[in-house]
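S.K.:
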Amino acid sequence: MPLPKSEYVSNVWRDGIFAGKVVFCTGGAGTICSAQVRALVHLGANAAIIGRNVEKTAAMAKDIETARKGSKVIGLGGVDVRSFESLTKAAEQTVKELGGIDYVIAGAAGNFLAPITGLSTNAFRTVMEIDVVGSFNTLKATLPYLLESAAANKNDGKNPNTGGRIIFVSATLHYAGTPFQTHVAAAKAAIDALSANAAIEFGPRGITSNIIAPGPIGGTEGMERLVGAEGMEASKASVPLGRYGLVKEIADATVYLFSDAGNFVNGDLLVVDGGSWRMPMNG
Ligand code: HXC
Numbered sequence: 000m001p002l003p004k005s006e007y008v009s010n011v012w013r014d015g016i017f018a019g020k021v022v023f024c025t026g027g028a029g030t031i032c033s034a035q036v037r038a039l040v041h042l043g044a045n046a047a048i049i050g051r052n053v054e055k056t057a058a059m060a061k062d063i064e065t066a067r068k069g070s071k072v073i074g075l076g077g078v079d080v081r082s083f084e085s086l087t088k089a090a091e092q093t094v095k096e097l098g099g100i101d102y103v104i105a106g107a108a109g110n111f112l113a114p115i116t117g118l119s120t121n122a123f124r125t126v127m128e129i130d131v132v133g134s135f136n137t138l139k140a141t142l143p144y145l146l147e148s149a150a151a152n153k154n155d156g157k158n159p160n161t162g163g164r165i166i167f168v169s170a171t172l173h174y175a176g177t178p179f180q181t182h183v184a185a186a187k188a189a190i191d192a193l194s195a196n197a198a199i200e201f202g203p204r205g206i207t208s209n210i211i212a213p214g215p216i217g218g219t220e221g222m223e224r225l226v227g228a229e230g231m232e233a234s235k236a237s238v239p240l241g242r243y244g245l246v247k248e249i250a251d252a253t254v255y256l257f258s259d260a261g262n263f264v265n266g267d268l269l270v271v272d273g274g275s276w277r278m279p280m281n282g
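Note that numbering that gives the first Met the number 0 gives residue 31 to position 32 of the sequence shown, counting from 1, and the numbers run on in steps of one.
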């Protein structure tokens, strides 16, 4: 469901800060990732959203494009992040249509609740492949363009034209342990490691790689799957701030990391969860 304009990014950010920049986002038709892209587009970027579902991806791209006059947002559906070839083609198409790739959000993920006894090897492997192999493929397929952007937008602490940045969308499930989430927790731990290593390996060439770890965010498919409609109210008690987060608050964290304000943040992990993982009942 599209959000009203006032709800997709805070008004602390200056309009046009991402003018001329291109975002490539996997899982871009989902609630959280579409909000991240919408905020960046609202601040001037063009974008490619990548997804498996052709209609959903095209509709989301159109919706985001329409909300910001003058922007270009393309939807590349039918792309499974488990296929490096299909991601490479999506990256090439993005560069052909939008001129390059400056920012990447690796957001595609798979999730369901299952105890270890109810988790087949194939089920475990499926989530590892979507989340971990998919994130790796996203990094690999976009790396040549991220390197180009980083070279053209020197990260020297003075240049406000940022570029060559990747954010992996992780979670907080694996900081302790989460019932029925073994597969997802294992995958997100691996993604955290993937990001840290990319930060070290490509930092010297100007790329930054960071994690955003959303906590309980209202209105998302992930939360619906994890706690269900009836569990929503009760689980707010486990959040120190006493409420669920807004997708806008994940979008704001994204804007921060991609903007000039985030120049020196690399290999880091930004938890946006209202303090939830610090609660003894959650940790
Ligand atoms: C146990 C399950 C299962 C379930 C699927 N499987 N659902 N096992 N419990 N509820 C098993 C299947 O039986 C099969 O194993 C294996 O997983 C692969 O299933 P497929 O349906 O063939 O896989 P696929 O079509 O690729 O679908 C992947 C998916 C699906 C992950 C299972 O749910 C999906 O496409 N999800 C994408 C959307 C999504 O999940 N969004 C939420 C992301 S939110 P067998 O042994 O039978 O072959 C998120 C947030 C996390 O990630 C953090 C929150 C705080």
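Beta carbons: idealized from backbone N, C-alpha and C, even for Gly.
Does the stretch 87-95 come into contact with the stretch 51-64, if we say contact requires no fewer than three beta-carbon pairs (one atom in each stretch) closer than 8 Å?
M.R.: At 8 Å Cβ cutoff, the stretches do not touch.
S.K.: Quick check: the stretch 202-217 against the stretch 259-267, are there 3 or more CB pairs under 8 Å?
M.R.: Output reads yes: the stretch 259-267 touches the stretch 202-217.
S.K.: State the start and end residues of the unbroken beta strand (DSSP E) segment that holds ASN121.
M.R.: Indexing the sequence shown from 1 puts residue 121 at position 122. Counting along the chain, ASN121 falls outside any beta strand (DSSP E), though it belongs to the alpha helix (DSSP H) covering 120-127.
S.K.: Beta strand (DSSP E) containing ASN45: first to last residue?
M.R.: Within the sequence shown, the letter at position 46 stands for residue 45. Note, ASN45: beta strand (DSSP E), 45-49.
S.K.: What's the call for ARG13, buried or exposed, on a 16-neighbour Cβ count within 10 Å?
M.R.: The residue labelled residue 13 in the question sits at position 14 within the sequence shown. Looking at its Cβ environment, which holds fewer than 16 other Cβ atoms inside 10 Å, ARG13 is exposed.
S.K.: If I'm right that LEU193 touches VAL183 with Cβ under 8 Å, what's the distance once you round it to whole angstroms?
M.R.: As a working note, residue 193 is residue 194 in the sequence shown. As a working note, residue 183 is residue 184 in the sequence shown. With 8 Å as the limit, LEU193 and VAL183 do not qualify as a contact, their Cβ atoms being about 15 Å apart.
S.K.: Leaving out the 5 sequence neighbours to the left and right, which residues in its chain are closer than 7 Å to ALA189 when beta-carbon positions are compared?
M.R.: Here residue 189 is taken as the residue at index 190 of the sequence shown, counted from 1. Hits under 7 Å: VAL131.
S.K.: Checking contacts by CB at 7 Å: is SER275 closer than that to chain D?
M.R.: Looking at the structure shown, chain D is missing, and only one protein chain is on hand.
S.K.: When DSSP builds the beta bridges, which residues end up paired with ASN209?
M.R.: The sequence position of residue 209 within the sequence shown is 210, counting from 1. Paired residues: ILE166.
S.K.: Using the Cα positions of VAL40 and PHE23, report the straight-line distance between them to the nearest angstrom.
M.R.: Within the sequence shown, the letter at position 41 stands for residue 40. Within the sequence shown, the letter at position 24 stands for residue 23. Going from the Cα of VAL40 to the Cα of PHE23 covers about 11 Å.
S.K.: State the Cα-Cα distance for the pair VAL168 and GLY29, rounded to the nearest angstrom.
M.R.: Taking the first residue of the sequence shown as 1, we reach residue 168 at position 169. Taking the first residue of the sequence shown as 1, we reach residue 29 at position 30. Whole-angstrom Cα-Cα distance: 12 Å.
S.K.: Are three or more beta carbon pairs between the stretch 113-120 and the stretch 71-79 nearer than 8 Å?
M.R.: No, because fewer than three Cβ pairs between the stretch 113-120 and the stretch 71-79 fall closer than 8 Å, the two stretches do not touch.
S.K.: Could you check which residue in LYS139, THR181, ALA151 and GLU54 has the C-alpha nearest to that of ILE165?
M.R.: Along the sequence shown, read from residue 1 onward, the residue named residue 165 stands at position 166. Nearest option by C-alpha distance: LYS139.
S.K.: So the alpha helix (DSSP H) TYR102 belongs to, where does it begin and stop?
M.R.: The count along the sequence shown starts at 1 and reaches residue 102 at position 103. Segment 102-105 is the beta strand (DSSP E) holding TYR102; no alpha helix (DSSP H) there.
S.K.: When every heavy atom of ligand 1 is checked, does at least one fall within less than 6 Å of the C-beta of SER234?
M.R.: Taking the first residue of the sequence shown as 1, we reach residue 234 at position 235. No, ligand 1 has no heavy atom inside 6 Å of this Cβ.
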